[in-house]
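A.B. asks: Protein sequence lines correspond, in order, to chains S and D.
Numbering follows the UniProt record's numbering, in which position 422 of the first sequence is assigned residue number 422; successive positions increment by one, without gaps.
Numbering follows the UniProt record's numbering, in which position 401 of the second sequence is assigned residue number 401; successive positions increment by one, without gaps.
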Amino acid sequence: MLKARTVRKPTNVEEKPSFDENTFGLEYPHRLNVYDRPPAFDVTLEEFETAALDRLRVLAEIESSAVRGRSWEETKSVTGAHCKKYLPLHSSSAKYIDRDAERRKDILGHFVLRLAFSRSDELRRRFLKAELTLFKVRYDDSDMAEREAFSESRNFNWVKVDDEEKKVIRSQLFSVYSGPKATREALFKQETYLKVRWTRVPDLVSHRKVFLKGGWAYVPSREQSSIIFQEFESHLEQALLLTAKSLPRLDEDTRLDPILTNLSKGFLAGVASGWNDDQIDKDHITADMIDSLSKHFPLCMQHLHFKLTKDRHLPHFGRLQYGLFLKVLGLPIDEAIAFWRRSFSKITDDEFNKKYKYNIRHSYGLEGRKANYSALSCSQILIPSNKDSNWVCPYKHFAHENLSTALAARYQLAGTDLSEVMATVKAGHPHVACTRVFEITHAAQGIKKGEGIGGGESVTHPNQYAAVSIELEKASSGTKSEAMVVG
Amino acid sequence: MDATAMPTFYRRIYPYKSIFLWLNHEHNPTKLFTHREFAFTLPGDVYLRYQSFANAEEFKKQLCSMTPTRFEIGPVYSGRPRDRKTLRPSAFVPVQRELVFDIDMTDYDNIRTCCSGAAICKRCWGFIAAAVKVLDKAIRDQFGYQYLLWVYSGRRGIHLWISDQEAVDLTDDQRKAIVNYLTVVATSKEASKHLNVRSNGVLPSLLSNALHDLGTIFDSLILKDQDLFSDEQAWLALLELLPQSMRGTLEAKWSSGEKNSSAKWDDVKGVINGLKSQSPAAFNTALAAMEDIVISYTYPRLDAEVSKHRNHLLKAPFCVHPGTGRVCVPVDPSEVDMFDPAAVPTIGQLLEELDTIREGSSELPQEHHNDWEKTSLKPYVDMLDKYCLRLVEEARHARREAPDLTW
Chain S
1 MLKARTVRKP
11 TNVEEKPSFD
21 ENTFGLEYPH
31 RLNVYDRPPA
41 FDVTLEEFET
51 AALDRLRVLA
61 EIESSAVRGR
71 SWEETKSVTG
81 AHCKKYLPLH
91 SSSAKYIDRD
101 AERRKDILGH
111 FVLRLAFSRS
121 DELRRRFLKA
131 ELTLFKVRYD
141 DSDMAEREAF
151 SESRNFNWVK
161 VDDEEKKVIR
171 SQLFSVYSGP
181 KATREALFKQ
191 ETYLKVRWTR
201 VPDLVSHRKV
211 FLKGGWAYVP
221 SREQSSIIFQ
231 EFESHLEQAL
241 LLTAKSLPRL
251 DEDTRLDPIL
261 TNLSKGFLAG
271 VASGWNDDQI
281 DKDHITADMI
291 DSLSKHFPLC
301 MQHLHFKLTK
311 DRHLPHFGRL
321 QYGLFLKVLG
331 LPIDEAIAFW
341 RRSFSKITDD
351 EFNKKYKYNI
361 RHSYGLEGRK
371 ANYSALSCSQ
381 ILIPSNKDSN
391 WVCPYKHFAH
401 ENLSTALAAR
411 YQLAGTDLSE
421 VMATVKAGHP
431 HVACTRVFEI
441 THAAQGIKKG
451 EGIGGGESVT
461 HPNQYAAVSI
471 ELEKASSGTK
481 SEAMVVG
Chain D
1 MDATAMPTFY
11 RRIYPYKSIF
21 LWLNHEHNPT
31 KLFTHREFAF
41 TLPGDVYLRY
51 QSFANAEEFK
61 KQLCSMTPTR
71 FEIGPVYSGR
81 PRDRKTLRPS
91 AFVPVQRELV
101 FDIDMTDYDN
111 IRTCCSGAAI
121 CKRCWGFIAA
131 AVKVLDKAIR
141 DQFGYQYLLW
151 VYSGRRGIHL
161 WISDQEAVDL
171 TDDQRKAIVN
181 YLTVVATSKE
191 ASKHLNVRSN
201 GVLPSLLSNA
211 LHDLGTIFDS
221 LILKDQDLFS
231 DEQAWLALLE
241 LLPQSMRGTL
251 EAKWSSGEKN
261 SSAKWDDVKG
271 VINGLKSQSP
281 AAFNTALAAM
291 EDIVISYTYP
301 RLDAEVSKHR
311 NHLLKAPFCV
321 HPGTGRVCVP
331 VDPSEVDMFD
341 PAAVPTIGQL
351 LEELDTIREG
361 SSELPQEHHN
371 DWEKTSLKPY
381 VDMLDKYCLR
391 LVEEARHARR
401 EAPDLTW
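1) Can you round the beta-carbon distance between Leu-148/D and Ile-139/D to whole angstroms, since I take them to be within the 8 Å contact cut?
2) Is it the case that the CB of Gly-157/D approaches a heavy atom of the ligand SAH more closely than 7 Å?
3) What does the Cβ neighbour count give for Ser-142/S, buried or exposed, with the cut at 16 atoms within 10 Å?
4) Check each residue of the stretch 167–184 of chain D: if its Cβ is closer than 7 Å to any Cβ of chain S, include it; give the result in chain order.
5) For the stretch 79–90 of chain D, which residues have a beta carbon sitting closer than 7 Å to at least one beta carbon of chain S?
6) Please report whether the beta-carbon of Ser-205/D lies at a distance below 8 Å from any beta-carbon of chain S.
7) Where in the stretch 106–153 of chain D do unbroken runs of the alpha helix (DSSP H), each at least 4 residues long, occur, reported from the N-terminal end onward?
8) Could you tell me if Gly-154/D is buried or exposed, where buried requires 16 or more neighbouring beta carbons within 10 angstroms of its beta carbon?
9) Mapping the DSSP letters down to three states, classify Trp-391/S as helix, strand or coil.
10) Going along chain D in order, which residues have a C-beta closer than 7 Å to the C-beta of Gln-172/S?
11) To which residues of the same chain is Val-185/D closer than 6 Å at the C-beta, ignoring the five residues directly before and after it?
12) Output the boundary residues of the beta strand (DSSP E) element that contains residue 454/D.
13) When you compare the CB of Ser-206/S with every CB in chain D, is at least one pair closer than 8 Å?
14) On the DSSP letters alone, give me the boundaries of the beta strand (DSSP E) that Val-329/D sits inside.
15) Relative to the alpha-carbon of Thr-460/S, which residue among Lys-167/S, Lys-449/S and Ala-433/S has its alpha-carbon at the smallest distance?
16) So is Phe-211/S in contact with chain D if we call contact Cβ pairs under 8 Å?
17) Helix, strand or coil for Pro-94/D per DSSP?
18) Would you call the CB atoms of Leu-113/S and Phe-127/S closer than 8 Å?
19) When you compare only the Cα positions, how much space is there between Thr-243/S and Ser-120/S?
20) Residues of chain S with CB under 7 Å from Gly-257/D, in chain order?
21) Does any residue of chain S bring its CB to less than 8 Å from the CB of Gln-142/D?
22) Give, in chain order, every unbroken run of the beta strand (DSSP E) that is at least 3 residues long and sits entirely within the stretch 297–367 of chain S.
23) Run through DSSP, which three-state label would Val-34/S get?
24) Residues in its own chain within less than 7 Å of Glu-58/D by CB, not counting five upstream and five downstream?
25) Quick one: is Gly-274/S near chain D, going by C-beta distance under 8 Å?
26) Under the three-state reduction of DSSP, which class applies to Trp-158/S: helix, strand or coil?
27) Please classify Ile-97/S: does DSSP put it in a helix, a strand, or coil?
28) When you compare only the Cα positions, how much space is there between Ala-409/S and Ala-101/S?
29) Pull the bridge partners of Gly-452/S from the DSSP assignment, please.
30) Interface residues of chain D around Pro-202/S at Cβ under 7 Å?
31) Using the Cα positions of Asp-36/S and Phe-150/S, report the straight-line distance between them to the nearest angstrom.
32) Are there 16 or more other CB atoms within 10 angstroms of the CB of Asp-278/S, so buried, or fewer, so exposed?
33) Do you know offhand how far His-397/D's Cα is from Asn-28/D's?
34) To the nearest angstrom, report how far apart Gly-109/S and Ile-259/S are at their CA atoms.
35) Return the first residue and the last residue of the beta strand (DSSP E) that Arg-49/D is part of.
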């Protein structure tokens, strides 16, 4: 395990600012951050990794929101929920909370991921997009004071339009407002304008939301965020390029490199959050129950189950992937041996005992080095650590025709549902497709589009898929029986 | 065309110096020229991309030896295009490019009566002239650009090249933004339907500023010159754009008898004025519809895809249009109304002019540099040279302003 060896980052030591009303005496006075100051403090390797992983969870969810076409409001609430869980960041006025610690973690996570994701164009682009969304979400739920303090703290290179100039362009700006003349007058009077080169607010120009004159865009203060977002984006874009250039020097650090490589792999698979085996209480299941439970399985496991029933056999990696899944699902060792013995009906007891029993017991940690193996998560299946590993994710490894046949056969998917899932697969987002299938097949239990396996979370582990599915069935049958009692 | 025509044109007439200066912004070759992609179309439809040259002399040499039927100018890349195979893909990306616009007559086919398709006459040039005036003004006033070079495309369209430093540096996203801002009339097939540019019923300032000019153009071009609405299909299309309640009255008036477009437009105005006293709300809606009609018939129709990406190639000025033989000459936007596409010199005409010079003078000229000076191409090259002079001056000024970082 990595423990408490400290990583010292080269820093130019800065003096802590003295207490000041506006900064609440904080080392990091602003909740919003454009990350122009690298973390200038000691961190342990563990902190280094956790800060990055937690941030990655949030960013991965933002990415999956974009892929699944969630609206801005949905994205905001899902991201907000994730942030609260993994990356809380309270406002400067919050009490009884170590805001500096939160902010340190925020900054650390950002910079670690910056290191991890600056290594390719693709990663840079995706990181930039996700970070920008995160920034927008945070900007959106910051209060006015927070935003103002932030925008005062940096030079955004805008020019305030003075009253003289406002008068000159009055007739032009006036047309933007609607309603009776008096209201428009009042609105115009209140509004303050900022002047920037039009190239800095391309989105506002694109939608004709600003008045242009001589290449200057007159941005009303309510659209000010556009300038800030653009600044954030171009600043980070530059910074990522710079980081990319200095990466070769970092490769020498053997402690950091594996962590960074793992992080970038996780992001590429679109799966970050870990799902722990101990998250379900293990109601023991028996070999007889597996067939009827299989309707709760994600497609990978359904496929293996179907293949096993059909061929009366599974190849090594199939046995391992499915066997560990069943173990975590709650199948004890005796039942497991019974299950596999029965399934391999073409071979003799003797052959089974010789060739397979040992392996099954081994996977339960009863033989050999007695390691307690956990079931494979989606990211392990999608990006095997060993080249020869032959795991199966149907959404990634199946030919498209086979996949769509399988979806129709196992889940009775058809029509727009099927084509939607297939489109996601073709766009290269297996976990999103899987999550969507979960939503479709659990619509009867009230799962709506975008909800995922609860709270908008995506599928990241086959066992998590099955556990939630079983849970949902229990819950709905529970309410039914209660209703009957009441009725 | 005779086989020696193109070689002679490239050898004696093509104004390399002017084109070099126009692309390069200064006399010593910079990346703006050396890292620039040229693409040649060779006889037999062979398309040769990623040509690049160290200076104007090399540029001329290559054109003379390859004699493309036409050639196009692309972006400035981060490396020399001709070295691209030795560069990593990430080290070879488009970085700069003049901001370009393309207006093509075909986008006006549903509202011009005189010709269609590839054909163009002095009368349909009116549409191009109107587009040039409106767009030129909008870009100068609102985006503040000053170096706008309009170039006749040789047949039925016009290109605009903007060389201001800021315009050259625009990213693709910024280019998309300016195109979206300026695109009012969709040029797709289902165009000419209702315009959708108002927010809360108010026209964006882009259009409210231009409305007066557009009104004048509508009157002279659509109503008088093209007399568009004397055609039944055209006036039925016009009715579609007006509020439902007005259609019946007008249709009754127009279906019998041959009224010209101005009379029909007067009818529209008459009906709308009638509404003024009855229902102010209906009057305002109808007035807005009328403005929208004026805009959708006269506002420049842009070929948006050309402008959106830096790596789009566009035919170079002073090329010969392979179909018409006309040279793609610069057009002065302030005199665009007087411009007659039929009066643009053709390659045949220019070569003839050269021949007469040779016969007229006693001694045979040894050198063939700048022979364009002796042909009717001269005023056009002069126009570009004058423009380049301003551009070079501006670039020098900008360099002087910039902080000196060299020691």
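Cβ coordinates follow ideal geometry from the N, Cα and C atoms, glycine included.
The structure displayed is predicted, hence computed values, not measured ones.
C.D. replies: According to the data block:
1) By one-based count along the second sequence, residue 148/D stands at place 148. By one-based count along the second sequence, residue 139/D stands at place 139. By a beta-carbon distance limit of 8 Å, Leu-148/D contacts Ile-139/D. Their separation comes to about 6 Å.
2) With respect to small molecules bound, the structure shown includes none, and the ligand SAH cannot be examined in it.
3) Along the first sequence, read from residue 1 onward, the residue named residue 142/S stands at position 142. Buried is the call here.
4) For the stretch 167–184 of chain D, the set of residues with a beta-carbon nearer than 7 Å to any beta-carbon of chain S comprises Leu-170, Asp-173, Gln-174, Lys-176, Ala-177, Ile-178, Asn-180 and Tyr-181, in chain order.
5) The stretch 79–90 of chain D vs chain S, Cβ under 7 Å: Ser-90.
6) Numbered from its first residue, the second sequence carries residue 205/D at position 205. Yes, Ser-205/D counts as interfacial toward chain S.
7) Whole alpha helix (DSSP H) segments, 4+ residues: 125–138.
8) As a working mapping, residue 154/D is identified with position 154 in the second sequence. So Gly-154/D ends up on the buried side.
9) Working through the first sequence from its first residue, we reach residue 391/S at position 391. The three-state reading of DSSP puts Trp-391/S in coil, since its state is none of H, G, I, E or B.
10) Within the first sequence, numbered from 1, the residue matching residue 172/S stands at position 172. Those within 7 Å of Gln-172/S in chain D are Ser-205.
11) Mapped onto the second sequence, residue 185/D falls at position 185. The beta carbon of Val-185/D sits closer than 6 Å to those of Ser-296, Tyr-299 and Arg-301, all from its chain and outside the five residues before and after it, given in chain order.
12) With chain D covering only 1 through 407, there is no way to say anything about residue 454/D.
13) Here the question's residue 206/S lines up with position 206 in the first sequence. Ser-206/S counts as touching chain D.
14) Your numbering for residue 329/D matches position 329 in the second sequence. No beta strand (DSSP E) holds Val-329/D; DSSP gives it neither H nor E.
15) Residue 460/S sits at position 460 when you count from the first residue of the first sequence. When only C-alpha atoms are compared, the closest one is Ala-433/S.
16) For the purposes of this step, residue 211/S is taken as residue 211 along the first sequence, with counting starting at 1. Yes, its Cβ sits closer than 8 Å to a Cβ of chain D.
17) One-based indexing of the second sequence puts residue 94/D at position 94. Strand at Pro-94/D.
18) Start at 1 with the first residue of the first sequence, and residue 113/S comes out as number 113. Start at 1 with the first residue of the first sequence, and residue 127/S comes out as number 127. Yes, the pair counts as a contact, with Cβ atoms nearer than the cut-off.
19) Position 243 of the first sequence holds residue 243/S. Position 120 of the first sequence holds residue 120/S. Looking at the two C-alpha atoms, the distance is approximately 11 Å.
20) In the second sequence, the residue the question calls residue 257/D occupies position 257. Per Cβ cutoff of 7 Å: no residues; Gly-257/D is ~40 Å from chain S at best.
21) If you number the second sequence from 1, residue 142/D lands on position 142. It does; some Cβ of chain S falls within 8 Å.
22) Runs found: none.
23) To locate residue 34/S, count along the first sequence from 1; it is residue 34. DSSP places Val-34/S in coil when its eight states are reduced to three.
24) Position 58 of the second sequence, counted from the first residue, corresponds to residue 58/D. The beta carbon of Glu-58/D is closer than 7 Å to none in its chain, skipping five residues each way along the sequence.
25) Within the first sequence, residue 274/S is the residue found at index 274, counting from 1. Caution applies to Gly-274/S, whose pLDDT of 46 falls short of 50 and renders its modelled position unreliable; the model cannot decide the point.
26) For the purposes of this step, residue 158/S is identified with residue 158 of the first sequence, where counting begins at 1. Here Trp-158/S carries a coil assignment [DSSP, helix/strand/coil].
27) Within the first sequence, residue 97/S is the residue found at index 97, counting from 1. Coil, per DSSP.
28) To locate residue 409/S, count along the first sequence from 1; it is residue 409. To locate residue 101/S, count along the first sequence from 1; it is residue 101. C-alpha of Ala-409/S to C-alpha of Ala-101/S: approximately 52 Å in a straight line.
29) For the purposes of this step, residue 452/S is identified with residue 452 of the first sequence, where counting begins at 1. Answer by DSSP bridge pairing, in chain order: Glu-457/S.
30) Along the first sequence, read from residue 1 onward, the residue named residue 202/S stands at position 202. Here the neighbours are Asp-173, Gln-174 and Ala-177.
31) In the first sequence, the residue the question calls residue 36/S occupies position 36. In the first sequence, the residue the question calls residue 150/S occupies position 150. As the crow flies, the alpha-carbon of Asp-36/S is around 13 Å from that of Phe-150/S.
32) As a first step, residue 278/S is located in the first sequence; it is residue number 278 there, counting from the start. Interpretation of Asp-278/S is limited by its pLDDT of 44, a score under 50 that renders its predicted location unreliable; no figure is taken from the coordinates.
33) By 1-based counting over the second sequence, the position of residue 397/D is 397. By 1-based counting over the second sequence, the position of residue 28/D is 28. Cα to Cα, His-397/D sits roughly 15 Å from Asn-28/D.
34) Taking the first sequence and counting its residues from 1, one reaches residue 109/S at position 109. Taking the first sequence and counting its residues from 1, one reaches residue 259/S at position 259. Straight-line Cα distance between these residues: approximately 13 Å.
35) For this step, residue 49/D is matched to residue 49 along the second sequence. Here the beta strand (DSSP E) through Arg-49/D covers 46–51.
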